[in-house]
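J.: For reference, the structure I am asking about is given below.
Residue numbers (my numbering), protein chains in the order written: chain A, 4 to 287; chain B, 4 to 287; chain C, 4 to 255; chain D, 4 to 255.
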């Protein structure tokens, strides 16, 4: 049964220090209001999983000292440039880095989704990504011969990747706790694979999203949603993609990317936009 | 680029003898008009894959002598009873049977969808399903120790299952070849995994199904759709599930299940409902 | 050896189906999520009863139902959901069930030229391994169905050491009695005999050996409140998915 | 040793970008499906040009685009699609690229305490293995970027025998020249030098050894019709996804 919380502070309180948190990429549904609440509650020791990458949201958590481990195919602010606090933290050796590749992240989550102990994939062999992941294994494809493949066909086994908490911001939910994510299907895999899904939604709608075959197709059933809160503009300053969404606040993101290049600039950003709860429109 | 065919005969001509054909289960979107056209073109040597099971549609093909191999978790007509021609053919030893289990079929298709050589799964060990599938392998989970599992943790490796052709009947397509399948997501996995998708749709609609985030979520892009034809009531006598669909013709299916118990009764059914093309409303 | 009859408040109107449903519901109470497969009106009623008795737990997913089917990820989701550990109880049947709780959903005789062929194993060889509380359900209790050794193992009751198996058989309920499965002993134990049946009859009609305690109670007859629930709102819900069953049993 | 200049019908209005785009488009003609990753205006323009020249082939998927993004199965679909063999060409970059076509998208120096850190490998270590025609694209052609040996292999150019690898490097295009990659020899071959650049300059600015034929042609300047396409309808399409690029290059 999905719990309906009043605000992002209540949701952030559900995400314990040290949790392994799955985050969607910038072009998907980012729960930035909830991420800011995590910074305010001074979360510690988080293990961020980019599905398969993350940007602003993770950079904020890293800069605020909430993160120990980063497991991702990439960290970037896209057109706004490198993620400044991530870059600084890596150069300073402050993060445990589990560099991955997009399909390896997806393969690990799909194994968890299926309840399988691992997935196998081609690629990766000969890369330093693999060389630096002792938690992955190379095994031979037992079907190489009947699949017409010459040689021993080594493949990489990726263990099931089971986040403790999946965090995203969806366009809408109904009062039963069903959550619409449309084509941003990585959010569904993340919810299936994780132990808990703690999310925000732009708005809560009447009716049941599962009743119509069109909305049902893009809906995660409440079975997988631990807790949610309604937070208008919960993705800000990032976009809520799709024809029912809104655009990114490009000026704000460009300012962030510039300001956060220095530790002092980042602290000023936190003071102005994150730490002061009254600055949070979502808390109204 | 999706080819738009005029009728089911043209679609059936695209499915060669000996093809490995993926079929959805009875509660999903069954392309029965197309299946009848396959019987009329006297297809031979088909390898049917139930995803994960099939009923009436496969029974018709088996009874009509179109099928060599059946790979499925089950064959049943559900509330109408056993699938009579399947049952008779198995008893007579006329089919190559690759009995499977639902998640093994899904795991094989997902490996093909990912371009991975195989998937692994738990379960199956100690069953006669596994004992009779020399094309599957048992391997040890290399991650057992770090996943906290005692013992060697044998798992079953299921090779990628790549159908030649995926066949189903969807509620609608647009003129770009995008096809709406809603929550019947097995149709999407089937289309991704197979070399070709040859399908029918209830109706062709104006606009682009990908333009709206709600319809897009349940849509297979044209990239995966080889050919389609508009066939009103193309699932008949089975249902088109969902709030935009129609119910099964229970009287017809009950009659079929009774009549097809004998070879003569089945032939009479074929004569009355399948072989006479004028009996096919879809050909108008 | 003897059947102890119930003494408490029991409804005079309880149908044999109500007794079965109520006995199953007891095994579901306190669980988080129960999934019901196709063609299973009695398990569905039991899950709805457990839910009604305890104010919303367990959550009930019924395949094929419009009102109780929450799945949106295609035919694979039920099995994924079980693999994730999100399904606490599930029901399996069998053309044959043996004393080690092996089940046969495939064929009688040589599988290549069988005397009888059934639909197939569906997801049994997965669900039986991962769902903690699998309840075997077989209304025909005869030496033909409850056998010494199944002709084909769709899914085994027990696995060898070293095989990961959080799930497995919990109980077997038939039209005559209720067995629990003792995983340590690897065999069934007779728990109760339904009203109107006897331990001697069970012995005669069961093809496998099982443990029979000295005193075997009668399966509890549900109280008036429970029967009213079953014959009222739950029968209404059943009627949507199983009109034939609801008509035959509850006159709906 | 010498650069042969083009003699045919070439447009006087061709921009340096048009020459790059046209050279890439030639490598895409006749293919079925080209996918374009994030932040790739020149590859996108090239794919649209190839499509426009040949009446609808290749199909072009552009991540992040509303008009050219067909994917409905989440972030994994691009990689699945490539794994299925449905993507014939893809583009990869690299902070460093070396003479064996290894690419580095991660860091300079010790990866645990790097001198520079870049976003990461994204899907390179998958796409590079399964897409038949991977075109490496790096506008900064200096000894700092085109190196003897990369500091970190995000994805190797070549794989050992026995590793399944239908895909791999096909060409490397920079702001100065076009190389093709010879898989048999395991090294690049200089194919053409862009107008205004010289083979001597390429030698100076390239940190790795490559094959240099005796006669190296100049990269073809597109004809008037092609330039009109690029500076007209294709620039319009670019402007939707890359307004900055379209403004800077095409005044859109």
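Think of the CB as a built atom: it goes at the ideal place given N, C-alpha and C, for glycine as much as any other residue.
Check whether chain A comes within 8 Å of residue 185 of chain B, counting only Cβ atoms and requiring the distance to be less than that.
T.: Chain A contact via Cβ: present.
J.: What is the DSSP secondary structure of residue 157 of chain D, reduced to helix, strand or coil?
T.: Correct three-state label for residue 157 of chain D: coil.
J.: For a contact defined as C-beta to C-beta under 8 Å, what are the partners of residue 62 of chain D on chain B?
T.: Residues of chain B passing the Cβ test: 4 and 226.
J.: If you check the beta carbons only, do residue 135 of chain D and residue 170 of chain D fall under 8 Å apart?
T.: In this structure, residue 170 of chain D lies closer than 8 Å to residue 135 of chain D by Cβ.
J.: Let's see if you can read the secondary structure: which residues bound the beta strand (DSSP E) around residue 137 of chain C?
T.: Taken as a continuous stretch (DSSP letters only), the beta strand (DSSP E) holding residue 137 of chain C covers 136–141.
J.: Assign residue 10 of chain B to buried or exposed, taking buried as 16 or more other Cβ atoms, counted over all protein chains shown, within 10 Å of its Cβ.
T.: Answer is buried; the Cβ neighbour count reaches 16.
J.: Run through DSSP, which three-state label would residue 192 of chain C get?
T.: Strand.
J.: Does the beta-carbon of residue 59 of chain C have 16 or more other beta-carbons within 10 angstroms, so that it is buried, or is it exposed?
T.: Exposed: under 16 other Cβ atoms inside 10 Å.
J.: Could you check the C-alpha separation between residue 249 of chain B and residue 47 of chain C for me, to the nearest Å?
T.: Residue 249 of chain B and residue 47 of chain C: Cα-Cα distance of roughly 25 Å.
J.: For residue 102 of chain B, I'd like the list of residues in its chain whose CB is within less than 7 Å of its CB, leaving aside the five on either flank, ordered along the chain.
T.: The answer, listed in chain order, is 132 and 135.
J.: What would DSSP say about residue 263 of chain C, mapped onto helix, strand or coil?
T.: Since the first residue shown for chain C is 4 and the last is 255, residue 263 of chain C is missing from the structure and cannot be characterised.
J.: Tell me where the beta strand (DSSP E) around residue 141 of chain B begins and ends.
T.: Start and end: 140–143.
J.: May I ask you to list, following chain order, the residues of the segment 129–146 of chain D that have a beta carbon less than 9 Å from some beta carbon of chain A?
T.: Those would be 129, 130, 131, 132 and 133, in chain order.
J.: Taking 8 Å as the CB-CB cut-off, is residue 36 of chain D touching chain B?
T.: Chain B contact via Cβ: present.
J.: Using a Cβ-Cβ cutoff of 7 Å, what residues of the segment 76–110 of chain C are near chain B? List them in chain order.
T.: Flagged, chain order: 76, 77, 78, 79, 82 and 109.
J.: Quick test of the definition: if touching needs 3 or more C-beta pairs under 8 Å, does the segment 89–101 of chain B touch the segment 69–80 of chain B?
T.: The segment 89–101 of chain B, when compared against the segment 69–80 of chain B, does touch it at the 8 Å Cβ threshold.
J.: Is any beta-carbon of chain B found at less than 8 Å from that of residue 124 of chain A?
T.: It does; some Cβ of chain B falls within 8 Å.
J.: Going straight from the alpha carbon of residue 155 of chain C to that of residue 53 of chain B, what length do you get?
T.: Straight-line Cα distance between these residues: approximately 21 Å.
J.: Between A:21, A:12 and A:13, which lies nearest to residue 166 of chain A when the distance is taken from Cα to Cα?
T.: Residue A:21 is the option with its Cα nearest to residue 166 of chain A.
J.: Identify the contact partners of residue 153 of chain A in chain C, using a Cβ-Cβ distance below 8 Å as the criterion.
T.: Those do not exist, as residue 153 of chain A stays about 33 Å from chain C at its closest Cβ, beyond 8 Å.
J.: At what residues does the alpha helix (DSSP H) containing residue 94 of chain B begin and finish?
T.: 87–94 is the extent of the alpha helix (DSSP H) around residue 94 of chain B.
J.: Residues in the same chain with beta-carbon distance under 6 Å from residue 6 of chain B, minus the five sequence neighbours each way, listed in chain order, please.
T.: The answer, listed in chain order, is 230.
J.: Please classify residue 265 of chain B as buried or exposed, where buried requires at least 16 neighbouring CB atoms within 10 angstroms.
T.: Under this definition residue 265 of chain B is an exposed residue.
J.: Taking residue 59 of chain D as the query, report the chain B residues whose CB atoms sit under 8 Å from its CB, ordered along the chain.
T.: Per Cβ cutoff of 8 Å: 4.
J.: For residue 181 of chain A, return the contacting residues in chain B, with the cut-off set at a CB-CB distance below 8 Å.
T.: Chain B residues near residue 181 of chain A: none, gap ~12 Å exceeds 8 Å.
J.: Could you check where the beta strand (DSSP E) with residue 33 of chain A kicks off and where it finishes?
T.: Where residue 33 of chain A is concerned, there is no enclosing beta strand (DSSP E), given that its DSSP letter is neither H nor E.
J.: Are residue 205 of chain D and residue 194 of chain D close, meaning C-beta to C-beta below 8 Å?
T.: Going by C-beta atoms, residue 205 of chain D is not nearer than 8 Å to residue 194 of chain D.
J.: What are the start and end residues of each continuous beta strand (DSSP E) run of 3 or more residues lying completely inside the segment 44–116 of chain A, in chain order?
T.: Runs of the beta strand (DSSP E) inside the segment 44–116 of chain A: 49–53, 70–75 and 99–102.
J.: Ignoring anything shorter than 4 residues, give me the alpha helix (DSSP H) runs that lie fully in the segment 28–101 of chain D, in order along the chain.
T.: As far as the segment 28–101 of chain D is concerned, its whole alpha helix (DSSP H) runs of at least 4 residues are 44–56 and 80–86.
J.: Any idea what DSSP makes of residue 286 of chain A, helix, strand or coil?
T.: Confidence at residue 286 of chain A is low in this model, with a pLDDT of 43, below 50, so the placement of that residue is unreliable and no value is reported for it.
J.: Hey, which unbroken runs of the alpha helix (DSSP H) at 4 residues or more fall wholly within the segment 200–260 of chain B?
T.: Counting only runs of 4 or more, we get 216–219.
J.: Tell me, please, which residues DSSP counts as bridged to residue 181 of chain B.
T.: For residue 181 of chain B, which the question treats as bridged, DSSP gives no partner whatsoever.
J.: Nearest to residue 49 of chain B by alpha carbon, out of B:28, B:257, B:15 and B:55?
T.: Checked all of B:28, B:257, B:15 and B:55; the closest Cα to residue 49 of chain B is B:15.
J.: Is there at least one Cβ from chain C nearer than 8 Å to residue 117 of chain A's Cβ?
T.: Yes, because at least one Cβ of chain C sits closer than 8 Å to the Cβ of residue 117 of chain A.
J.: In whole angstroms, what is the alpha-carbon distance linking residue 214 of chain A and residue 71 of chain C?
T.: One C-alpha to the other measures close to 11 Å.
J.: Cβ closer than 7 Å: which chain C residues qualify as neighbours of residue 191 of chain A?
T.: Result: 76.
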